[in-house]
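A quick write-up on the structure given underneath.
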Amino acid sequence: LSLWKGGVKDNDKMEILGSTFDDSVFSEVRDRVCVSLSSYSAKLCEPEWFCDSAALDTEDSLETQKVYKFRGDLAVRQGNYQKALEAYSSCLQWIADNNLTIRRDVVEGMARCCTRLGQRDRALELSKDASNTCHLTSLLLLKVSIYEQFGAVGSKMSSLQQLCSLLPFNPWHWFSLGQMCLQLLDRNRTTGSQEDREGHQEETAELKYSHCLAASYRLLLRILRQQQSSFVLQRSERVLQMTEEALQQLNPRQETLQALTEVMSEDLIPEKMREDYQDGESLTSVSLHSFRQRWWNKILLTGVLQSTQIIMVSTTLLTELWMEIIQHVLTL
107 LSLWKGGVKD
117 NDKMEILGST
127 FDDSVFSEVR
137 DRVCVSLSSY
147 SAKLCEPEWF
157 CDSAALDTED
167 SLETQKVYKF
177 RGDLAVRQGN
187 YQKALEAYSS
197 CLQWIADNNL
207 TIRRDVVEGM
217 ARCCTRLGQR
227 DRALELSKDA
237 SNTCHLTSLL
247 LLKVSIYEQF
257 GAVGSKMSSL
267 QQLCSLLPFN
277 PWHWFSLGQM
287 CLQLLDRNRT
297 TGSQEDREGH
307 QEETAELKYS
317 HCLAASYRLL
327 LRILRQQQSS
337 FVLQRSERVL
347 QMTEEALQQL
357 NPRQETLQAL
367 TEVMSEDLIP
377 EKMREDYQDG
387 ESLTSVSLHS
397 FRQRWWNKIL
407 LTGVLQSTQI
417 IMVSTTLLTE
427 LWMEIIQHVL
437 TL
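Using this note's numbering, you'd call the opening residue of the sequence shown number 107 and step up by one each time.
Written out as structure tokens, the structure is:
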């Protein structure tokens, strides 16, 4: 108020306070001419009108596209995936080349139908069509569901790691990766009666999974504690409780957790946590190599793995074992 009473004498202070005005605010308002809309007749449609054979009696390609799209969506809802796949395939022929949104939606629907029908190769082939970050995120999530459906553990982890590289500030991708590591850790523990050589490999794998899980969960904790939105609060609290229980189950050393937290939190810059920076990196840098260089190799360089009494396991061996799990690399 004092600045206003004394007049605008200090432009620098006004700019700092964000009180400056754009010249367009004081310009004259343009005269807007009201144009009356032409009359039109609303189209009345009966429920499931697109199922009638007469719905295709039209020369409008857009209407034909809608009919096939609606038929496919209804068939998916009814669980008839073969019928949905046929409808989506017909719809794809009527979509304009510049209508990327509808095309991506239809192709993704076809991939999900192929997944349900057990056509893994075709589902993966359809999921390769990605043109930007949002599309790639959606298709990586689609790959996760495909691999999960067919039990491809290594390929599923590959896609989860690429999601973390693409959107490192999304805590739910990290949580899914952590849950994946925990499942692998539990599975390794159930196969106990093995020879000493196999037992050593199992111990090494358990070491890998434990550190990856702990690092993922520590990063998740740091991110969730910065969220203030009430609509995610309940879910966040539940996930935080699950992560704390998982860390207690792993029982890692405090210095190990400290080192992992420092490595994983290097990218947690408050300015980058804003929504403006949620598009991730360029598509060319999203790869398993990026994930490994960005976090896993940094963890190895901290030397925390030497405190686990498995001194004979070198960095090279750990990296090779890690890559054995991740056998499928997404071709961008």
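All C-beta atoms in this analysis are idealised placements derived from N, C-alpha and C, irrespective of residue type, glycine included.
On a predicted model such as this, the values are computed, not experimentally measured, just so you know.
Inset, instruction - Decide if W155 is buried, meaning its Cβ has at least 16 other Cβ atoms within 10 Å, or exposed. - result: exposed
Inset, instruction - Grab me the residues of W201's own chain with a C-beta within less than 7 Å of its C-beta, minus the 5 sequence neighbours each way, in chain order. - result: The residue asked about is misnamed: residue 201 is Ile in this sequence, not Trp. Cβ neighbours of I201 beyond the five flanking positions: Q171, I208, R209 and V212.
Legend entry - Separation of E351 from L245, as counted between CA atoms: 31 Å
Inset, instruction - Count the other CB atoms, across all protein chains shown, that sit within 10 Å of the CB of R380; report buried if there are 16 or more and exposed otherwise. - result: Low confidence applies here, because R380 scores a pLDDT of 49, under 50, leaving its location unreliable; read the following figure in that light. Answer is exposed; the Cβ neighbour count stays below 16.
Legend entry - Secondary structure, alpha helix (DSSP H): runs of 4+ residues fully inside the segment 165–247: 167–184, 187–198, 206–222 and 226–232
Legend entry - Environment of E152 [buried if 16+ CB atoms lie within 10 Å]: exposed
Inset, instruction - Count the other C-beta atoms from every protein chain shown that fall within 10 angstroms of the C-beta of Q199, then say buried if there are 16 or more, exposed otherwise. - result: exposed
Legend entry - Range covered by the alpha helix (DSSP H) that runs through C270: V259 to L272
Legend entry - As assigned by DSSP and simplified to three states, the class of E154: coil
Inset, instruction - Tell whether a beta-carbon distance below 7 Å holds between R222 and Y187. - result: yes
Inset, instruction - Report the rounded CA-to-CA distance for A447 versus T164, giving the unit in angstroms. - result: A query on residue 447 cannot be resolved here, the shown segment of the chain reaching from 107 to 438 and no further.
Inset, instruction - Go ahead and pull the three-state DSSP assignment for N276. - result: N276 sits in coil when the DSSP states are folded into three classes, being neither helix nor strand.
Legend entry - Proximity to L168 [Cα-Cα], best of L407, A181, Y146 and D203: D203
Legend entry - Below-7 Å beta-carbon distance, S167 vs any chain D residue: Looking at the structure shown, chain D is missing, and only one protein chain is on hand.
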